[in-house]
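Keeping their order, the protein sequence lines are chains A and B.
For the first sequence, the numbering used here gives the first residue as 10, with consecutive numbering after it.
For the second sequence, the numbering used here gives the first residue as 10, with consecutive numbering after it.
The structure under discussion appears below in the form of structure tokens.
There are 2 protein chains.
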Amino acid sequence: MRMRSDGRLARMLHVLVHMALLGGRETSERIAEMLNTNPVVVRRTLGALRAHGIVASEGGRGGGWKLAKSLEEITVLDVQRALSAGPILPAATSSDHPSCPVERASNAVLVAAHAAAEARLAEIYGAAPLSEIARAAMETAKGA
Amino acid sequence: MRMRSDGRLARMLHVLVHMALLGGRETSERIAEMLNTNPVVVRRTLGALRAHGIVASEGGRGGGWKLAKSLEEITVLDVQRALSAGPILPAATSSDHPSCPVERASNAVLVAAHAAAEARLAEIYGAAPLSEIARAAMETAKGA
DNA sequence: TATTGCGTAACAAATGGTGTTACAGAATGA
DNA sequence: TCATTCTGTAACACCATTTGTTACGCAATA
Chain A
10 MRMRSDGRLA RMLHVLVHMA LLGGRETSER IAEMLNTNPV VVRRTLGALR
60 AHGIVASEGG RGGGWKLAKS LEEITVLDVQ RALSAGPILP AATSSDHPSC
110 PVERASNAVL VAAHAAAEAR LAEIYGAAPL SEIARAAMET AKGA
Chain B
10 MRMRSDGRLA RMLHVLVHMA LLGGRETSER IAEMLNTNPV VVRRTLGALR
60 AHGIVASEGG RGGGWKLAKS LEEITVLDVQ RALSAGPILP AATSSDHPSC
110 PVERASNAVL VAAHAAAEAR LAEIYGAAPL SEIARAAMET AKGA
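This is the structure in structure tokens:
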């Protein structure tokens, strides 16, 4: 029952930076083309970001998606949190004999280790605004 | 496509410590009872540990499983490595447009962050011998 | 030689992201 | 008003991975 880290975070970072660089509104259709996927998947995933104030959407003719904040104001951690409420790195403990001291001790070690790793990950995510990704991308594009 | 951290590590820590505390050989049948699971699952998983020299097995009457090292010589990291060859925390990047600078930059941030988190996790796992889990378990059992 | 226990193949179930179709609702513009 | 163009969402099927299970072969031993 694990919440494995999926490909949504990478895809969302990718598309959010593109949206900022393009400036205007983008439809699910066009975003889906950017991500080589389906418009419904895009709405589903961007919908989670909208619930956290990262993007906004409008229906009807001329509608679509746009950023609700600047790239400087969005960190990787913000996007991660929008996509998944729980821990980024769940502990993966066992619960075969909840009262067994050995199982408890084993689980405790794993929980502590994961908490430390998660703290490190969240620290880095939180210190990484999307504007930094945009800057690195432009640098690369120029250099190449 | 993630290699999510599954429940095998926790289960193996649990059973290895029990095996050490019990001292002798244990059959898949008895171990399965400890873990509330099936003997085949036990053979499957312990088989991976045997391939890394952590446990040994013998068939036939009077056979079963026993530790190949002492708990002091086995770290959580050893068990983790035996269960899964690759990274503990795979990066979860996207590959929709491998030549897109924005995708590359997004992936790079994620890869770097995961590498740091994984290093932290491996550091803790490597510094945690199973004897420490056994000690903590006995402490708890005594205290309670 | 009968029993015990591992080794392994084969298959079902559950989980969670993904891909897809279908359709309802809202905004826009002629 | 009405057709068009969007999002919102339900309802599936699909894929990959762990887990659970049955079945059977092989080795060791009393």
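Just so you know, even glycine gets a beta-carbon here, dropped at the ideal spot from N, CA and C.
Range of the contiguous beta strand (DSSP E) that encloses residue i
i            : result
serine 66(A) : 64-67
Residue i, enclosing alpha helix (DSSP H) - first and last residue
i             : result
leucine 31(A) : 17-31
alanine 41(B) : 37-43
proline 48(B) : 48-59
Helix, strand or coil at residue i according to DSSP, with G and I counted as helix
i                : result
threonine 84(B)  : strand
lysine 78(A)     : coil
alanine 137(A)   : coil
glycine 71(A)    : coil
isoleucine 97(A) : coil
serine 104(A)    : coil
arginine 113(B)  : helix
arginine 34(A)   : coil
arginine 11(A)   : Residue placement at arginine 11(A) is flagged as unreliable, the pLDDT there being 39, under the threshold of 50; the coordinate-derived value follows with that caveat. Arginine 11(A): coil per DSSP, three-state reduction.
alanine 145(B)   : helix
Closest residue to residue i among the options (Cα-Cα distance)
i                : options                                    : result
threonine 36(B)  : Arg52(B), Val85(B), Leu22(B)               : Arg52(B)
glycine 71(A)    : Val111(A), Glu148(A), Gly33(A)             : Gly33(A)
proline 99(A)    : Glu82(A), Ala29(A), Ala77(A), Leu130(A)    : Leu130(A)
arginine 113(A)  : Leu22(B), Leu119(B), Gly73(B)              : Leu22(B)
valine 26(A)     : Lys75(A), Gly69(A), Ser115(A)              : Lys75(A)
histidine 61(A)  : Ala91(A), Ala41(A), Arg39(A)               : Ala91(A)
arginine 20(A)   : Ala150(B), Arg144(B), Asp105(B), Pro138(B) : Asp105(B)
alanine 101(A)   : Lys151(A), Ala124(A), Ala136(A)            : Ala124(A)
leucine 86(B)    : Gly135(A), Leu119(A), Ala29(A), Glu141(A)  : Leu119(A)
leucine 31(B)    : Gly68(B), Asp15(B), Leu80(B), Glu67(B)     : Leu80(B)
glutamate 141(B) : Asn116(A), Pro138(A), Ile142(A)            : Asn116(A)
alanine 143(A)   : Cys109(B), Ala29(B), Ala136(B)             : Cys109(B)
alanine 77(B)    : Met28(B), Tyr134(B), Glu148(B)             : Met28(B)
arginine 39(A)   : Gly95(A), Gly135(A), Leu139(A), Gly73(A)   : Gly73(A)
glutamate 82(B)  : Ala94(B), Tyr134(B), Leu139(B)             : Leu139(B)
valine 88(A)     : Ala150(A), Gly152(A), Gly135(A), Lys151(A) : Gly135(A)
aspartate 15(A)  : Ser103(B), Pro107(B), Glu148(B)            : Ser103(B)
Under 7 angstroms between C-beta atoms of residue i and residue j
i                : j                : result
valine 50(B)     : alanine 146(A)   : no
isoleucine 97(B) : glutamate 127(B) : yes
alanine 43(B)    : valine 24(B)     : First, the residue type needs correcting, since residue 43(B) is methionine and not alanine in the sequence shown. Against a cut-off of 7 angstroms, the Cβ pair of valine 24(B) and methionine 43(B) comes out as a contact.
threonine 46(B)  : arginine 17(B)   : no
proline 48(A)    : alanine 41(A)    : yes
alanine 137(B)   : threonine 84(B)  : yes
Along the segment 103-129 of chain A, where does the CB come closer than 9 angstroms to a CB of chain B? Name the residues.
Cβ contacts with chain B: Ser103, Ser104, Asp105, His106, Cys109, Pro110, Val111, Glu112, Arg113, Ala114, Ser115, Asn116, Ala117, Val118, Leu119, Ala121, Ala122, His123, Ala125, Ala126, Glu127, Ala128, Arg129.
Check distances from the C-beta atoms of the segment 34-58 of chain A to those of chain B and list, in chain order, the residues that come in under 8 angstroms.
Of all residues in the segment 34-58 of chain A, Met43, Leu44, Asn45, Thr46 have a Cβ within less than 8 angstroms of some Cβ in chain B.
What residues in the segment 81-104 of chain B have a beta carbon less than 8 angstroms from any beta carbon of chain A?
Taken in chain order, the members of the segment 81-104 of chain B whose beta-carbon sits within less than 8 angstroms of a beta-carbon on chain A are Val85, Leu98, Pro99, Ala101, Thr102, Ser103.
Chain-ordered residues of the segment 16-34 of chain B with a beta carbon less than 8 angstroms from chain A:
So the list reads Gly16, Leu18, Ala19, Arg20, Leu22, His23, Val26, His27, Leu30, given in the order they occur along the chain.
Pull out every residue of the segment 62-78 of chain A whose Cβ sits closer than 9 angstroms to any Cβ of chain B, in chain order.
Listed by position, the residues of the segment 62-78 of chain A near chain B (Cβ gap below 9 angstroms) amount to none.
Could you name the residues of the segment 129-145 of chain A whose beta carbon sits closer than 8 angstroms to any beta carbon of chain B, in the order they occur along the chain?
The segment 129-145 of chain A vs chain B, Cβ under 8 angstroms: Arg129, Leu130, Ile133, Tyr134, Ala137, Glu141, Ile142, Ala143, Ala145.
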